[in-house]
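Shown next, in structure tokens, is the structure this report addresses.
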Amino acid sequence: MQPLRALYQRRMAAWVLRRQGRDALPVTLHRRRIYILPTRAGVGFGLLLFVMLIAGLNYGNSVALLVTFELVGVALVAMQLCHRNLQGVVFAEADTGAAFAQERGLLTVIVANDSRLPRYRLEVDALDAPASLADLPAGSRARLAVAIPVERRGIVRIDRLRLATTHPFGLFRAWAWIHVPLELTVYPRPRGLRPLPAQGGPHAGGTARGTADEDEWHGLRAFRDGDSPRQVAWKAYARGAPLLVKEYVASGSQLRRFDFDQLRDLDTEARLEQLARWIVDAEARGEPYALTLPESHHEPDHGPEHRHACLSVLARYGLPPQP
């Protein structure tokens, strides 16, 4: 049963992609993009109405027939309202954050409601992850976060997202597919018992986090996102120079060098997990570190960008290139 269901889902996904094509955000949902079917509750409600209809006809009970037809009208109105609740919603942005293996990656989606009608119980999901729900008042935007479980390191491809609703009554589900290819980077799990490999001598290119008296002047470099405004060379900037940041040599800081070949007694995955452990620990200490793999090398540095670059290399190591 499971293989047949998976085959059906793949064929339906391919048909929807051929029908709609790839999307470029933002996307406004029009009626031809919206699909609608009864939920399990809706199917049960329909069966109940059918039984009431048969009973009313069999016994010639006009009251039972009147109630049946009124409930049918309620169901038809609910179907129209469910479809309208999704029509016109703007799928504005979608982005992913990195995560460690055996944790949850974060998919962030922004939806907007530019109409004068409020939208209720909007759901966003991807890769069978639990949906994130939100209500959208008229003329508002909402940020929804979908937690995606990840088991192993690498790149998780998210080829499409689903925006759905069951408002009102939960008798029908309307949904639309958004084909925006995204990638979720999954770092190796930081695990290992080996201590940080220390190298003698101070680091000669680190950026001081403060302006302690024991720090020695090193030079200027270009401003990067995340740098403290207190370290900006404002006098030079006032003279027309580009935005520069003061660099200091922290007298007591140690340069850490993390080399893949240092861990020859471990298998590949254990090496990557130990390297990830060292990177996380060194970053928490604010110490500069370099990373060397058989096919790449990262110069000594520290900070969020350097951490992400090093962990991303570990996530992709040994994997075939993505198409």
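For the sequence shown, the working numbering begins at 194 and goes up steadily by one. By construction, the Cβ of each residue, glycine as well, lies at the ideal position given by its N, Cα and C atoms.
The alpha helix (DSSP H) enclosing residue i, as first and last residue numbers
{"i": "His499", "result": "497-509"}
{"i": "Ile472", "result": "461-478"}
{"i": "Glu190", "result": "Residue 190 cannot be examined here, being either before or after the span of the chain that is shown, 194 to 516."}
{"i": "Ile134", "result": "Absent from the model: residue 134. The displayed extent of the chain is 194 to 516, so no value can be given."}
Per-residue burial, residue i [other beta carbons within 10 Å of its own, 16 or more giving buried]
{"i": "Asn251", "result": "exposed"}
{"i": "Phe243", "result": "exposed"}
{"i": "Asp321", "result": "exposed"}
{"i": "Asp318", "result": "buried"}
{"i": "Asp328", "result": "exposed"}
{"i": "Tyr510", "result": "buried"}
{"i": "Ser325", "result": "buried"}
{"i": "Trp208", "result": "exposed"}
{"i": "Lys439", "result": "buried"}
{"i": "Glu492", "result": "exposed"}
{"i": "Asp520", "result": "Summary: the structure shown does not reach residue 520, with the chain confined to residues 194 through 516, and so no result is reported for it."}
{"i": "Trp427", "result": "exposed"}
{"i": "Ala508", "result": "buried"}
{"i": "Val349", "result": "buried"}
{"i": "Ala469", "result": "buried"}
{"i": "Pro323", "result": "exposed"}
{"i": "Glu480", "result": "buried"}
{"i": "Arg432", "result": "exposed"}
{"i": "Ala367", "result": "buried"}
{"i": "Glu409", "result": "Caution is warranted here: a pLDDT of 49 is assigned to Glu409, below 50, making its placement in the model unreliable, and the coordinate value is therefore given only provisionally. Exposed is the call here."}
{"i": "His499", "result": "buried"}
{"i": "Ala415", "result": "exposed"}
{"i": "His490", "result": "exposed"}
{"i": "His495", "result": "buried"}
{"i": "Tyr201", "result": "exposed"}
{"i": "Leu484", "result": "buried"}
Contacts around residue i, its chain only, beta-carbon distance under 6 Å, and the 5 residues preceding and following it disregarded
{"i": "Thr301", "result": "Asp288, Ala338"}
{"i": "Val140", "result": "No statement about residue 140 is possible, as the shown extent of the chain runs from 194 to 516 and does not include it."}
{"i": "Gly403", "result": "Low confidence applies here, because Gly403 scores a pLDDT of 40, under 50, leaving its location unreliable; read the following figure in that light. There are no such residues."}
{"i": "Gln424", "result": "Val438, Lys439"}
{"i": "Ala369", "result": "Leu222, Arg226, Ile227, Leu356"}
Residue i: first and last residue of the uninterrupted beta strand (DSSP E) it sits in
{"i": "Pro493", "result": "489-494"}
{"i": "Leu375", "result": "375-380"}
{"i": "Phe365", "result": "365-371"}
{"i": "Asp288", "result": "283-289"}
{"i": "Thr359", "result": "Here Thr359 belongs to no beta strand (DSSP E), and DSSP marks it neither H nor E."}
{"i": "Gly433", "result": "No beta strand (DSSP E) contains Gly433, which DSSP labels as neither H nor E."}
{"i": "Ile227", "result": "Careful: Ile227 lies outside any beta strand (DSSP E) and carries neither H nor E."}
{"i": "Ala426", "result": "Note, Ala426: premise wrong, no beta strand (DSSP E); not H, not E."}
{"i": "Gly298", "result": "297-306"}
{"i": "Leu484", "result": "482-486"}
Close-in-space but distant-in-sequence residues of the same chain around residue i (CB under 7 Å, 5 per side omitted)
{"i": "Gly235", "result": "Leu364, Phe365"}
{"i": "Leu310", "result": "Ala331"}
{"i": "Leu389", "result": "Arg449, Trp471, Asp474, Ala475"}
{"i": "Leu456", "result": "Arg464, Gln467"}
{"i": "Leu459", "result": "Gln467"}
{"i": "Arg387", "result": "Gln467"}
{"i": "Ser308", "result": "Gly281, Ala331"}
{"i": "Val373", "result": "Asp216, Leu218, Ala287, Leu354"}
{"i": "Leu486", "result": "Phe453, Val506, Tyr510"}
{"i": "Pro231", "result": "Gly239, Leu364, Phe365"}
heavy atom of the ligand COA below 6 Å from residue i C-beta
{"i": "Val267", "result": "Among the components modelled here there is no ligand, and therefore nothing to report on the ligand COA."}
Interface flag, residue i vs chain B, CB-CB below 7 Å
{"i": "Lys428", "result": "No chain B is part of this structure, which consists of one protein chain only."}
Close Cβ partners of residue i (< 8 Å) along its chain, the five nearest in sequence each way excluded
{"i": "Val304", "result": "Val282, Val283, Phe284, Ala285, Leu315, Val317, Ala327, Leu329, Arg334, Ala335, Leu337, Leu356"}
{"i": "Val265", "result": "Leu242"}
{"i": "Val379", "result": "Ala291, Ala292, Phe293, Ala294, Gly298, Val343, Arg345, Arg346, Gly347, Ile348, Val349, Ala508"}
{"i": "Ala248", "result": "Asn254, Ala257"}
With a threshold of 8 Å, are at least 3 pairs of Cβ atoms found where one atom belongs to the segment 251-263 and the other to the segment 296-310?
no
If we require 3 or more residues per run, which beta strand (DSSP E) segments fall completely within the segment 319-346?
325-329, 333-342
Examine the Cβ distances between the segment 346-366 and the segment 271-279 and report whether three or more of them are shorter than 8 Å.
yes
Counting pairs of beta carbons, one from the segment 326-340 and one from the segment 499-509, are three or more of them closer than 8 Å?
no
Tell me whether the segment 462-477 and the segment 366-383 touch, counting them as touching only if at least three CB pairs, one residue from each stretch, are closer than 8 Å.
yes
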